[in-house]
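Numbering (this note's numbering), first residue to last: 4 to 306. Where is the CB? At the ideal position from N, CA and C, for every residue including glycine. All of these numbers come straight from a predicted model, not from anything done at the bench. Here is the structure we will look at.
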């Protein structure tokens, strides 16, 4: 039997672009199912999506939005909340889904059928109408569209200079050889690697990867028409509720009181880009202008 999944929404973007903050608020919508940290632990058990129903019983039983300036308590870590859950995707699509750009790649019939069945099961067990997921790194739009022809893609974009600063400061980027090797394969061209080589620094490598990810995601998005849209991190921090409404409209969802309440509990949302510009020296400015100046301009960021 061919499982049907109604217009899934994928929130995509480079890591450290605000995707976690935006998605956890967006996923509080009362009609959305999502992959939880429990499914990531046991990806063969989609029935674990039942645990996520706790968030509908009482808002206090939903994991709070993560903050980079403080650790979650043990209780908060145990409460169900959205996860990228790459082990779930790997179960159906293999490790390439996590570690490759997948440009020009389509799934096998078996991969597509496996993923549709799994997502349909999650929606059913969580007792929702629609499905949403957050995925960081390359957009994977062609690959995902081959599995879910009605999928919609919300691309979260943040100033590349701020993304680079944030990436170099977080353990998950520092501890996986990403300071010296590309995080994903099959994406960087010979020219990209030459650009990195001219500077030979972790900053240059991260900057070129930001350029490649946002440009390739936009290029893939051009092939799916109005099922692709871009949302700026900076716009969200300036007007979070309005941006949330715009996301709902793009996803073809009605307004959601639980999501608005979840946003209000998050407290102040601040644009943290100022840290990046405060620390920029003349050498960094020159490097960024050289490596990502055109991409910054294409996404309407001033140098």
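Secondary structure in the segment 124 to 211: the alpha helix (DSSP H) runs of 4 residues or longer, each lying completely within the stretch, are 144 to 150, 163 to 170, 174 to 177 and 193 to 202 in chain order. Distance from the CA atom of residue 269 to the CA atom of residue 211, rounded to whole angstroms, is 33 angstroms.
Two segments are said to touch when three or more pairs of C-beta atoms, one from each, lie closer than 8 angstroms; by this definition the segment 257 to 274 touches the segment 229 to 243. Nearest neighbour of residue 115 by Cα position, chosen from 27, 105, 163 and 151, turns out to be 151. In the three-state reduction of the DSSP assignment, residue 291 falls in the helix class.
In this structure, residue 231 sits near residue 156, with a CB-CB distance shorter than 8 angstroms. Distance check between residue 237 and each of 272, 223, 98 and 9 places 272 closest, using alpha-carbon atoms only.
For the options 127, 52, 105 and 112, the alpha carbon positioned closest to that of residue 91 is the one of 52. Ranked by Cα distance from residue 296, the options 252, 248, 213 and 233 are led by 213. Taken through DSSP and simplified to helix, strand or coil, residue 36 comes out as strand. With a cutoff of 8 angstroms on beta-carbon distance, residue 158 and residue 234 are scored as near each other. Counting the other Cβ atoms within 10 Å of the Cβ of residue 8 gives 16 or more, which makes it buried. Residue state for residue 244 is assigned as helix, using DSSP reduced to three classes. Bridge pairing for residue 16: 139 [DSSP]. In this structure the segment 197 to 209 does not lie against the segment 218 to 226, because fewer than three pairs of beta carbons, one per stretch, are closer than 8 angstroms. Classified as buried, residue 13 has 16 or more neighbouring CB atoms from the shown chains inside 10 Å of its CB.
Just so you know, the alpha carbons of residue 225 and residue 109 end up roughly 17 angstroms apart.
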